[in-house]
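Asks: Residue numbers (my numbering): 125 to 600.
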Amino acid sequence: MKLKHIKLTNPYLELPELCYNRVEPTPLKKPFLIHANQEVADMLGIDISDREVLTSFVNGELKLEGSDSFAMCYAGHQFGHFVPRLGDGRAINIGTVNDFHLQLKGAGQTLYSRSGDGRAVLRSSIREYLMSEAMYGLGIETTRALAIIGSEHSVYRQTWEKGSIVLRVSPSWVRFGTFEYFAHSKNFKELEALADYAIEECYPHLSIENDKYLHFFTEVMGKTARLMAEWQVVGFNHGVMNTDNMSVLGVTIDYGPFAFLDDYDTNFICNHTDQYGRYSFGNQPIIGEWNLKALALALEPLVRKERLEKILSHYGRLYSRHFLYLMGRKLGLDEVSDRDFDFIKQMLGMLQSLHVDYTLFFRTLSHYSGDRRELLKLGLLHTPMNEWLDEYDNYLKKNRTEEDERHRSMLNVNPKYVLKNYMLQEAIEEGENGSFSKLEALFNIAQNPYDEHKEFERWAGATPDIFKNQKLSCSS
Ligand code: AMP
Ligand code: MG
125 MKLKHIKLTN PYLELPELCY NRVEPTPLKK PFLIHANQEV ADMLGIDISD REVLTSFVNG
185 ELKLEGSDSF AMCYAGHQFG HFVPRLGDGR AINIGTVNDF HLQLKGAGQT LYSRSGDGRA
245 VLRSSIREYL MSEAMYGLGI ETTRALAIIG SEHSVYRQTW EKGSIVLRVS PSWVRFGTFE
305 YFAHSKNFKE LEALADYAIE ECYPHLSIEN DKYLHFFTEV MGKTARLMAE WQVVGFNHGV
365 MNTDNMSVLG VTIDYGPFAF LDDYDTNFIC NHTDQYGRYS FGNQPIIGEW NLKALALALE
425 PLVRKERLEK ILSHYGRLYS RHFLYLMGRK LGLDEVSDRD FDFIKQMLGM LQSLHVDYTL
485 FFRTLSHYSG DRRELLKLGL LHTPMNEWLD EYDNYLKKNR TEEDERHRSM LNVNPKYVLK
545 NYMLQEAIEE GENGSFSKLE ALFNIAQNPY DEHKEFERWA GATPDIFKNQ KLSCSS
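(1) Excluding the 5 residues flanking Asn222 on each side, which residues of the same chain have their C-beta closer than 8 Å to its C-beta?
(2) What number of angstroms, rounded off, separates the C-alpha of Asn557 from the C-alpha of Tyr253?
(3) With DSSP as the reference, label Gly274 as helix, strand or coil.
(4) If contacts are defined as beta-carbon pairs under 8 Å, then Tyr379 and Glu413 qualify, I think. What distance do you get, rounded to the angstrom?
(5) Short check: CB of Phe405 to CB of Asn361, under 8 Å?
(6) Quick one: give me the first and last residue of the beta strand (DSSP E) that Trp284 is part of.
(7) In chain order, what residues place their C-beta within less than 6 Å of a heavy atom belonging to the ligand MG?
(8) In the DSSP output, what is Val279 paired with across the bridge?
(9) Should the region 179-186 be called in touch with the region 256-268, which here means at least 3 C-beta pairs below 8 Å?
(10) Does the Cβ-Cβ distance between Gly242 and Phe156 come in under 8 Å?
(11) How would you call Trp284, buried or exposed, if buried means at least 16 neighbouring beta carbons within 10 angstroms?
(12) Within its chain, find whatever has a CB closer than 8 Å to the CB of Pro208; leave out the 5 residues flanking it on each side and keep chain order.
(13) Give me the residue from Lys434, Glu343, Gly204, Lys562 with the minimum Cα distance to Pro328.
(14) Could you give the residue range of the beta strand (DSSP E) that holds Ala215?
(15) Report whether the distance from the Cβ of Leu210 to the nearest heavy atom of the ligand AMP is below 7 Å.
(16) On the three-pair Cβ rule with 8 Å, is the region 144-162 touching the region 557-573?
(17) How many Å lie between Pro119 and Ala420 at the Cα?
(18) Using a Cβ-Cβ cut-off of 8 Å (strictly less than) and excluding sequence neighbours within five positions of Leu504, which residues of its own chain qualify?
(19) Comparing C-alpha positions only, which one of Met471, Arg496, Ser371, Arg268 sits nearest to Glu257?
(20) Going by CA-CA distance only, name the one from Pro508, Pro151, Gln399, Ser493 that's closest to Asp528.
(21) Give me the Cα-Cα distance between Ile590 and Tyr546, rounded to the nearest whole angstrom.
(22) State the Cα-Cα distance for the pair Arg431 and Ser437, rounded to the nearest angstrom.
(23) What's the C-alpha gap between Ser603 and Thr220?
(24) To the nearest angstrom, how far is it from the Cα of His531 to the Cα of Arg441?
(25) Starting from Val357, trace the alpha helix (DSSP H) in both directions and tell me its first and last residue.
(26) Starting from Asn545, trace the beta strand (DSSP E) both ways and give me its first and last residue.
(27) Is any heavy atom of the ligand AMP found at a distance shorter than 7 Å from the C-beta of Ser296?
(28) Ends of the alpha helix (DSSP H) at Tyr482?
(29) Check each candidate in Ile272, Asn369, Gln571 and name the one with the smallest Cα separation from Leu83.
(30) Rounded to a whole number of angstroms, what is the C-alpha to C-alpha distance between Tyr449 and Leu188?
(31) For Asp212, which residues in the same chain have their Cβ closer than 7 Å to its Cβ, ignoring the five residues on either side in sequence?
(32) Where Met534 and Ile332 are concerned, what is the direct C-alpha to C-alpha distance, given to the nearest angstrom?
(33) Assuming Leu270 and Ala165 form a contact by the criterion Cβ under 8 Å, report the distance between their Cβ atoms to the nearest whole angstrom.
(34) I need the straight-line Cα distance from Leu484 to Leu520, nearest angstrom please.
(35) Which of the three DSSP states is assigned to Thr376 in this structure?
(36) Have a look at Thr266 and Ser371 and give me their C-alpha separation to the nearest angstrom.
Below, the structure is given as C-alpha cells:
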C-alpha cells in the first residue's frame with residue numbers, strides 16, 4: 125500500500141498513562157533522503173516509491189491516519205547505577221504497522237530529554253542505519269531501519285554538525301528498564317499492565333499460562349543468553365549495555381559506540397567513557413546476567429523471588445550451550461560438547477596473543493584444507509597457531525562432513541565482511557561532504573556479508589594498524 129494511505133495503530137497507548145508521554149516530532153530544516161531500505165519497506169508492506177512522501181514521513185511532517193505520537197517512559201541502570209527516570213529522550217514513536225513499531229530517532233525533544241536536544245547527528249545516524257542492517261545480515265536479532273534522512277539543521281556536539289533522523293523499526297521497544305521504572309516507583313498496577321503488554325507483544329503463547337510472568341522471565345533470559353552468545357561469536361562489542369538498552373525480546377537495540385573486533389581482544393572496550401571496562405567485549409555475557417538480575421528484581425512484585433532466582437541460575441549453562449553450538453558451526457565441526465571448551469579457549473588465547481584479526485581468521489579457516497600458509501600469515505609467531513591447528517586437524521579427522529561441504533557451510537557462517545568502525549567512518553566522512561556512495565556500498569555488504577564482493581576486497585583484510593582498537597564516544 126502507498127505510504128500516504130497507510131493506517132497506523134498505537135497499541136502501547138492502551139497502557140496506563142504513566143507509561144508514555146504524547147509528543148509531536150520537531151522536523152529538521154531542509155530534509156533530504158539519504159537512503160531507504162526496500163526490504164524493510166516490503167516487510168512493513170509499504171510502497172515507498174514516492175521519495176518526497178517518504179522524506180516528509182521520516183521528518184515527522186507527514187501525519188498518517190491514526191497518527192498519535194509519543195515517547196516511552198523507562199528507567200535503567202547506567203554503568204551499574206540506578207537512574208529512576210530516563211525514557212525516550214530522542215526517539216519518538218509514530219505508530220505500528222504490521223506489528224512493527226516505528227520510531228523516529230533524532231526528531232526532537234520529549235518529556236524525557238533531560239538536558240539533551242533530542243537530536244541525532246549524521247554520523248551517529250549513519251552508524252545505526254548501517255549497523256542494524258549488518259547485524260540483520262549476519263542473522264543476529266536486531267532492530268532495523270526503514271530510512272535515513274539528512275538535513276541543513278545545525279546540531280551542536282563539541283562542534284556544529286548536521287541533524288539527521290533514522291526511522292527505525294522493532295517488533296518491541298520494551299526494555300528491561302521499562303519494568304524497572306514501574307517497580308522502583310512502586311506503580312505495581314502499571315507494572316502488571318506492562319508485563320501483560322510485553323507478553324502479548326513478544327511472547328503471545330504465554331498469555332494463557334498460569335505462571336505467565338515467570339515464563340516471561342524465562343523467555344527473556346533465554347533470548348538474552350542467545351543474543352550474548354551471538355555477539356560473542358561474531359565479535360560484536362555493544363558498548364553501552366545499560367539496562368535501558370536491553371530489549372525484553374532479546375534484540376540488539378540502541379546502537380551507540382559499538383564496534384566489531386579488529387584483532388581478537390577479550391579486554392577490548394569500544395566505549396570511550398567506559399573507563400573500567402564494565403562493558404568490555406569479554407564482560408558482555410556476565411553483564412547480560414547482571415542485567416537479567418535487575419529485571420528479576422523489577423519482577424518481584426509479580427513473581428516470588430526464589431522462583432526468579434532459580435530460573436536465573438540456568439543462565440550460564442544456557443549461554444554456554446548457545447556459544448558452543450555457534451562456535452562449532454564457525455569451526456565447521458559436526459559435533460561439539462562441553463569437553464571442547466578447552467580447545468576453543470586455546471584458540472581464543474592463541475588469537476589474542478598473536479593479535480590476529482578475528483573475522484579474517486575464521487574466513488581464512490573456512491578455506492583450510494591442510495595448507496597452513498594463509499593462516500600462519502595472520503599472526504606474528506607460528507608455533508601457537510601450528511599447535512592449535514594440530515588439534516584442529518584431529519577434530520577434522522573425526523568429522524563426517526566432506527571437506528567441500530564443510531568449506532561451504534563455514535563460508536556461510538563466517539562473514540567475509542563485518543562493518544568495522546573505520547569502514548563506517550569512511551562512509552561518514554563522505555556523507556558529511558554530501559555524497560553517499562560508500563554508504564550504499566556498505567549497505568549492500570551489510571545485507572550480504574558472506575558474499576565475495578571482489579570490488580571491496582580491501583575491506584576484507586585485517587584492520588589497518590592506525591584504525592585498530594579505537595574508542596568512540598557515547599554520542600557516536
Ligand atoms: P543511550 O545510552 O544512548 O541509549 O541513551 C541514554 C539516555 O539518554 C536515553 O534516555 C536517551 O533517550 C537519552 N539521550 C541520549 N542522547 C540524547 C539527546 N541528544 N537528547 C535527549 N536525550 C538523549
Ligand atoms: Mg538507549
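Here a beta-carbon is modelled for each residue, glycine too, at the ideal position from N, C-alpha and C.
Replies: Taking the geometry as given:
(1) Counting from 1 along the sequence shown, the entry for residue 222 is found at position 98. Excluding residues within five positions, the ones whose Cβ falls inside 8 Å are Met167, Leu168, Gly169.
(2) For this step, residue 557 is matched to residue 433 along the sequence shown. For this step, residue 253 is matched to residue 129 along the sequence shown. Approximately 18 Å between the Cα atoms of the pair.
(3) For the purposes of this step, residue 274 is taken as the residue at position 150 of the sequence shown. Here Gly274 sits in strand by DSSP.
(4) Stepping through the sequence shown from its first residue, residue 379 is reached at position 255. Stepping through the sequence shown from its first residue, residue 413 is reached at position 289. The Cβ separation is near 22 Å, so there is no contact.
(5) If you number the sequence shown from 1, residue 405 lands on position 281. If you number the sequence shown from 1, residue 361 lands on position 237. A contact, by the Cβ cut-off of 8 Å.
(6) Translated into the one-based positions of the sequence shown, residue 284 becomes position 160. Per DSSP, Trp284 belongs to the beta strand (DSSP E) from 283-294.
(7) Asp368, Asn369, Asp378
(8) Here the question's residue 279 lines up with position 155 in the sequence shown. Partner(s): Glu285.
(9) no
(10) Walking along the sequence shown from the start, residue 242 turns up at place 118. Walking along the sequence shown from the start, residue 156 turns up at place 32. Cβ atoms of Gly242 and Phe156: not closer than 8 Å.
(11) Position 160 of the sequence shown holds residue 284. Exposed.
(12) If you number the sequence shown from 1, residue 208 lands on position 84. Closer than 8 Å at the Cβ level, and outside the excluded window around Pro208, lie Ala199, Tyr305, His308, Ser309.
(13) Position 204 of the sequence shown, counted from the first residue, corresponds to residue 328. Minimum Cα distance to Pro328 is reached at Glu343.
(14) What you label residue 215 is simply residue 91 of the sequence shown in a count that begins at 1. That run of the beta strand (DSSP E) goes 215-221.
(15) In the sequence shown, residue 210 corresponds to position 86, counting from 1. Leu210 Cβ: within cutoff of the ligand AMP.
(16) yes
(17) This structure cannot settle anything about residue 119, because the visible part of the chain is limited to 125 through 600.
(18) Numbered from its first residue, the sequence shown carries residue 504 at position 380. Around Leu504: Leu478, His479.
(19) Stepping through the sequence shown from its first residue, residue 257 is reached at position 133. The option with the nearest alpha carbon to Glu257 is Arg268.
(20) Position 404 of the sequence shown, counting from 1, holds the residue named residue 528. Of the candidates Pro508, Pro151, Gln399, Ser493, the one whose C-alpha sits nearest the C-alpha of Asp528 is Ser493.
(21) Taking the sequence shown and counting its residues from 1, one reaches residue 590 at position 466. Taking the sequence shown and counting its residues from 1, one reaches residue 546 at position 422. One C-alpha to the other measures close to 10 Å.
(22) In the sequence shown, residue 431 corresponds to position 307, counting from 1. In the sequence shown, residue 437 corresponds to position 313, counting from 1. Each residue's alpha carbon lies about 10 Å from the other.
(23) This structure cannot speak to residue 603, because the chain is shown only from 125 to 600.
(24) For the purposes of this step, residue 531 is identified with residue 407 of the sequence shown, where counting begins at 1. For the purposes of this step, residue 441 is identified with residue 317 of the sequence shown, where counting begins at 1. Cα to Cα, His531 sits roughly 29 Å from Arg441.
(25) The residue you call residue 357 lines up with position 233 of the sequence shown. Per DSSP, Val357 belongs to the alpha helix (DSSP H) from 336-358.
(26) In the sequence shown, the residue the question calls residue 545 occupies position 421. Per DSSP, Asn545 belongs to no beta strand (DSSP E); it is in the alpha helix (DSSP H), 545-556.
(27) On the sequence shown, position 172 is the one that residue 296 refers to. No, Cβ of Ser296 sits at least 7 Å from all heavy atoms of the ligand AMP.
(28) Taking the sequence shown and counting its residues from 1, the one referred to as residue 482 is at position 358. 482-489 is the extent of the alpha helix (DSSP H) around Tyr482.
(29) Shown here, the chain extends from 125 to 600; a query on residue 83 therefore has no answer.
(30) Against the sequence shown, residue 449 aligns to sequence position 325. Against the sequence shown, residue 188 aligns to sequence position 64. Each residue's alpha carbon lies about 45 Å from the other.
(31) Numbered from 1 along the sequence shown, position 88 holds the residue referred to as residue 212. Counting only Cβ-Cβ distances below 7 Å, and skipping sequence neighbours, we find Ala195, Met196, Thr234, Tyr236.
(32) Mapped onto the sequence shown, residue 534 falls at position 410. Mapped onto the sequence shown, residue 332 falls at position 208. So the two alpha carbons sit approximately 41 Å from each other.
(33) Counted from its first residue, the sequence shown places residue 270 at position 146. Counted from its first residue, the sequence shown places residue 165 at position 41. Indeed they touch by this definition, with Cβ atoms about 6 Å apart.
(34) Position 360 of the sequence shown, counted from the first residue, corresponds to residue 484. Position 396 of the sequence shown, counted from the first residue, corresponds to residue 520. Answer to the nearest angstrom: the Cα atoms are 20 Å apart.
(35) Numbered from 1 along the sequence shown, position 252 holds the residue referred to as residue 376. Residue state, collapsed to three classes: strand.
(36) Residue numbering aside, residue 266 sits at position 142 when the sequence shown is read from its first letter. Residue numbering aside, residue 371 sits at position 247 when the sequence shown is read from its first letter. If you take the alpha carbons of Thr266 and Ser371, they lie about 10 Å apart.
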